[in-house]
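Shown next, in structure tokens, is the structure this report addresses.
2 protein chains.
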Amino acid sequence: MVEEAAAFKITHVKESRVKQLDPENIVFGSLFTDHMLVADCIDGVWQTPEILPYGDIAYNPALASLHYGQSIFEGMKAFRNVDNEVVMFRPEENFKRFNISAERMCMAQVPEEIFMGGLKEILKLDSAWVPDGEDNSLYLRPFMFASDVYLGVRPSFNYRFMIIMSPAGKYYSTPPKVKIETEYIRAATGGVGYAKCAGNYAASLYPAKLAQEQGYTQLLWTDAQTHTKFEESGTMNVFFVQNGKLLTPKTSTTILKGITRDSLINIARDSGYEVSEQDVYVKDIVEGIKDGSVTEVFGAGTAVVVSPFSGVGFEGDDIPLPAITEKSISSVLKQKLDGIRKGKLEDTHGWVYKV
Amino acid sequence: MVEEAAAFKITHVKESRVKQLDPENIVFGSLFTDHMLVADCIDGVWQTPEILPYGDIAYNPALASLHYGQSIFEGMKAFRNVDNEVVMFRPEENFKRFNISAERMCMAQVPEEIFMGGLKEILKLDSAWVPDGEDNSLYLRPFMFASDVYLGVRPSFNYRFMIIMSPAGKYYSTPPKVKIETEYIRAATGGVGYAKCAGNYAASLYPAKLAQEQGYTQLLWTDAQTHTKFEESGTMNVFFVQNGKLLTPKTSTTILKGITRDSLINIARDSGYEVSEQDVYVKDIVEGIKDGSVTEVFGAGTAVVVSPFSGVGFEGDDIPLPAITEKSISSVLKQKLDGIRKGKLEDTHGWVYKV
Numbered sequence: 001m002v003e004e005a006a007a008f009k010i011t012h013v014k015e016s017r018v019k020q021l022d023p024e025n026i027v028f029g030s031l032f033t034d035h036m037l038v039a040d041c042i043d044g045v046w047q048t049p050e051i052l053p054y055g056d057i058a059y060n061p062a063l064a065s066l067h068y069g070q071s072i073f074e075g076m077k078a079f080r081n082v083d084n085e086v087v088m089f090r091p092e093e094n095f096k097r098f099n100i101s102a103e104r105m106c107m108a109q110v111p112e113e114i115f116m117g118g119l120k121e122i123l124k125l126d127s128a129w130v131p132d133g134e135d136n137s138l139y140l141r142p143f144m145f146a147s148d149v150y151l152g153v154r155p156s157f158n159y160r161f162m163i164i165m166s167p168a169g170k171y172y173s174t175p176p177k178v179k180i181e182t183e184y185i186r187a188a189t190g191g192v193g194y195a196k197c198a199g200n201y202a203a204s205l206y207p208a209k210l211a212q213e214q215g216y217t218q219l220l221w222t223d224a225q226t227h228t229k230f231e232e233s234g235t236m237n238v239f240f241v242q243n244g245k246l247l248t249p250k251t252s253t254t255i256l257k258g259i260t261r262d263s264l265i266n267i268a269r270d271s272g273y274e275v276s277e278q279d280v281y282v283k284d285i286v287e288g289i290k291d292g293s294v295t296e297v298f299g300a301g302t303a304v305v306v307s308p309f310s311g312v313g314f315e316g317d318d319i320p321l322p323a324i325t326e327k328s329i330s331s332v333l334k335q336k337l338d339g340i341r342k343g344k345l346e347d348t349h350g351w352v353y354k355v
Numbered sequence: 356m357v358e359e360a361a362a363f364k365i366t367h368v369k370e371s372r373v374k375q376l377d378p379e380n381i382v383f384g385s386l387f388t389d390h391m392l393v394a395d396c397i398d399g400v401w402q403t404p405e406i407l408p409y410g411d412i413a414y415n416p417a418l419a420s421l422h423y424g425q426s427i428f429e430g431m432k433a434f435r436n437v438d439n440e441v442v443m444f445r446p447e448e449n450f451k452r453f454n455i456s457a458e459r460m461c462m463a464q465v466p467e468e469i470f471m472g473g474l475k476e477i478l479k480l481d482s483a484w485v486p487d488g489e490d491n492s493l494y495l496r497p498f499m500f501a502s503d504v505y506l507g508v509r510p511s512f513n514y515r516f517m518i519i520m521s522p523a524g525k526y527y528s529t530p531p532k533v534k535i536e537t538e539y540i541r542a543a544t545g546g547v548g549y550a551k552c553a554g555n556y557a558a559s560l561y562p563a564k565l566a567q568e569q570g571y572t573q574l575l576w577t578d579a580q581t582h583t584k585f586e587e588s589g590t591m592n593v594f595f596v597q598n599g600k601l602l603t604p605k606t607s608t609t610i611l612k613g614i615t616r617d618s619l620i621n622i623a624r625d626s627g628y629e630v631s632e633q634d635v636y637v638k639d640i641v642e643g644i645k646d647g648s649v650t651e652v653f654g655a656g657t658a659v660v661v662s663p664f665s666g667v668g669f670e671g672d673d674i675p676l677p678a679i680t681e682k683s684i685s686s687v688l689k690q691k692l693d694g695i696r697k698g699k700l701e702d703t704h705g706w707v708y709k710v
């Protein structure tokens, strides 16, 4: 694919707010960088993307996405590597997935020069916002929503694509204890589970709240049809270590095809671990934790990177997992992924994307 | 429940735009009345609702509902009755369902004085917008969305409730031909099918588009588990007439509990028809249309009221339904419902609500 430079109309901030960023004390998702990108697709024609000072935008109350949820997003990160360069990690994969989500939600396809070109352009402008520090990054949020002013139920004719950015630190401070969910669902065959659409997240809040009231941090989702097979955990993909072998549910229309998931599978195989993408049964994992054959269960996603769980809850029982050490597979994989991202380890797959 | 008058802060328009309304030529969902209602719930505390001139509102790009879809709505109508009074139809039922949706989506409960009181207040102000005419009404759109400025996945702390209103005419100009959907789903057990949330509508667009490309107007949804039982049609509930008896799927967590549906069941029983809320199997209906025992299939909802189908598509075959006459059950029920709404027939159930 030829990557053409799109003409971006840029309006710079008068004064940067970057002094508001304290790398020692980052609260996720509430402080935003100086600029934002806005690109409108009007009746199928993409207009010149604008980069302008971050701030409020006025919308008609009949904005279609507020009523019918045609809204998708991606979550990505930019890092400062050992040479103090700003890098992204496999951004083309997010770009591809974004357009897969768009197709399922009947939305416009975003051109590469707007998505990828926009990320590069805005990251260059706000590069001072990419924080230093072990677990720190700049979280990138490309998103798109239906922008018709119309109350009929139909795909919008107009869409707005935006990129906003927010400094991020560590996600969970303590290892989460997760509940195996066997009543509520995140996704079902024939639905939109593989799309990163707004409605999937809203639907998950209530069962997550019930679990939190029961003392759990997050959910381990099971399949809608039988509730016997694992799908995801919270907003992450999930991995299991049984007898030293990595297991993870194979992707489907009900599971988001995680880029961290794919990276970890590759790194694990490169490191000599056996990895199997397969049906992973609740029964086998619960028994395995009890008999000691399952030693690790962890989530994997952009926000958390790798998040080992302290235990799982199943049918009212809490089943603790062994404590994680530096030698745990999840620790090894996380360190290797971090190493590649930050330029400490060789990037054999060509994953690191210099801005 | 004691209905207290909430203090509404009202800002009137300088000049009404009601002359833009042409009752002979109404396009649904794109023209809005002079005023809108806005009420904010801040950290669980409802602020004084404001009624102000309809217009754009500024939002932060990190508005939670745009990213994670915490957004619900209701669809209601106000009519001009034979005595030229403005009436609503069973609005308390919409109010109850709104808060049921809110609970499932982890959103704030809206107080009766804001929802019901707000509808009355804004309808009084904009009563000139309630059009005359057989199929005309003023469509009322109460809706609520997460208004936190935050990118973390969690229930919002703040919500905005709004009411906007738009004149409505007839929905479908010709009887729709519907496709029995056996691959994609609208809802599944454990999900949010019974909530009137934004994401349900976005998810339905793609399969509806595929059906439209095959020459159908809308979908007849079947159950996610087996695809053998009917659930809804498009954004409506669905009824079948077999051997003179009315059948409709019983409500569940995957079916929206329609107020038109309930009204039609009551009117049908009042009129001496037998009605059964039950599992309705695809096989039985397809065979029934072919052998002539199934004579009518129709959708029921606020937007369409009663919408008889011209035929159904199943596994590539088009199966036509007999043409509807004035004696068809759907015609009789529609006329009775209209009659009650407009004050031509006695309102034995106390459904009509004078503003």
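Residue numbers (my numbering), protein chains in the order written: chain W, 1 to 355; chain X, 356 to 710. Quick reminder that beta carbons are idealized off the backbone N, C-alpha and C, glycines included. Here the structure is a predicted model, which is why all the values come from computation and not from measurement.
Meets three-Cβ-pair contact criterion under 8 Å: the stretch 434–441 of chain X and the stretch 670–677 of chain X: no
Within chain X, partners of W/Lys209 - CB distance below 8 Å: Cys461, Pro510
Helix, strand or coil at W/Pro155 according to DSSP, with G and I counted as helix: Coil.
Residues of its chain near W/Asn266, where Cβ-Cβ distance is below 7 Å and the 5 sequence neighbours each way are ignored: His349
Exposure label - X/Lys605; buried when at least 16 CB within 10 Å: exposed
Residue from W/Lys229, W/Val305, W/Ala323 whose Cα sits closest to the Cα of W/Gln278: W/Lys229
Cα-Cα separation between W/Ala5 and X/Arg445, rounded to whole angstroms: With a pLDDT of 47 at W/Ala5, under the threshold of 50, the modelled position of that residue is not reliable, and the figure given next carries that caveat. Straight-line Cα distance between these residues: approximately 57 Å.
Simplified DSSP assignment, three categories, for W/Gly339: helix
For W/Leu220 and W/Val178, believed in contact at Cβ under 8 Å, the rounded distance: 5 Å
Rounded straight-line distance, which links the Cα of W/Tyr159 to that of W/Ser147: Near 5 Å, if we compare the C-alpha coordinates of W/Tyr159 and W/Ser147.
Interface partners of W/Ile10 on chain X, CB under 7 Å: Here the premise fails: no neighbours, minimum Cβ distance about 17 Å.
Segment contact, 8 Å Cβ cut-off, at least three pairs: the stretch 423–434 of chain X with the stretch 458–469 of chain X: yes
Distance between beta carbons of X/Gly545 and W/Ala224, contact taken as under 8 Å: About 6 Å separates the two Cβ atoms, so the contact holds.
Start-to-end residues for the beta strand (DSSP E) that takes in W/Tyr353: 352–354
Amino acids of chain W, ordered along the chain, whose beta-carbon sits closer than 8 Å to that of X/Met391: Pro61
Sequence-distant residues of the same chain with beta carbon closer than 6 Å to X/Arg541, five excluded per side: Ser559, Trp576
Spatial distance of W/Lys327 from X/Ala417 (CA atoms): C-alpha separation (whole angstroms): 39 Å.
Near-chain W residues of the stretch 548–572 of chain X (beta-carbon distance less than 9 Å), N- to C-terminal order: For the stretch 548–572 of chain X, which is checked against every Cβ of chain W, the residues closer than 9 Å are Ala550, Cys552, Ala553, Gly554, Asn555, Tyr556, Ala557, Ala558, Ser559, Leu560, Tyr561, Pro562, Ala563, Lys564.
Any C-beta of chain X under 8 Å from that of W/Leu151: Taking Cβ atoms only, chain X reaches closer than 8 Å to W/Leu151, which makes this a yes.
Of the residues X/Gly647, X/Lys709, X/Thr615, the one placed nearest X/Lys689, counting alpha carbons only: Restricting attention to X/Gly647, X/Lys709, X/Thr615, the CA atom closest to the CA of X/Lys689 is found in X/Thr615.
W/Gly299, buried or exposed, once every other Cβ within 10 Å from all chains shown has been counted against 16: buried
Given 8 Å, three or more beta-carbon pairs between the stretch 298–313 of chain W and the stretch 235–254 of chain W: Counting Cβ pairs under 8 Å, three or more are found: they touch.
Buried or exposed (CB count within 10 angstroms, at least 16 for buried), X/Gln569: Counting Cβ neighbours within 10 Å, X/Gln569 comes out exposed, since fewer than 16 surround it.
8 Å Cβ cutoff met for W/Pro207 and W/Ser310: no
Inter-residue Cα distance where the pair is W/Phe143 and W/Glu92: 15 Å
Buried versus exposed, by CB contacts within 10 Å (16 or more), W/Asp34: buried
Below-8 Å beta-carbon distance, X/Gly488 vs any chain W residue: Cβ-Cβ to chain W under 8 Å: no for X/Gly488.
Cutoff 8 Å: W/Asp356 Cβ touching any chain X Cβ: Limits of chain W in this structure are 1 at one end and 355 at the other, which puts residue 356 of chain W out of reach.
Distance between beta carbons of X/Gly698 and X/Val707, contact taken as under 8 Å: 7 Å
Near-chain X residues of the stretch 164–194 of chain W - C-beta to any C-beta below 8 Å: Of all residues in the stretch 164–194 of chain W, Ile164, Ser166, Glu183, Tyr184, Ile185, Ala188, Thr189, Gly190, Gly191, Val192 have a Cβ within less than 8 Å of some Cβ in chain X.
3-residue-minimum beta strand (DSSP E) runs that sit fully inside the stretch 640–704 of chain X, ordered along the chain: 649–656, 660–663, 666–669, 672–675
Collapsed DSSP secondary structure at W/Lys257 in the structure displayed: Reduced to three states, the DSSP call for W/Lys257 is coil.
Cβ of W/Asp347 within 8 Å of any chain X Cβ: no
Min CB distance X/Gly384 to chain W below 8 Å: yes
Sheet register partners of X/Glu458 (DSSP bridge): X/Glu458 is not bridged to any residue.
Any chain X beta carbon closer than 8 Å to W/Gln359: Nothing can be reported for residue 359 of chain W, as the shown portion of chain W is limited to 1 through 355.
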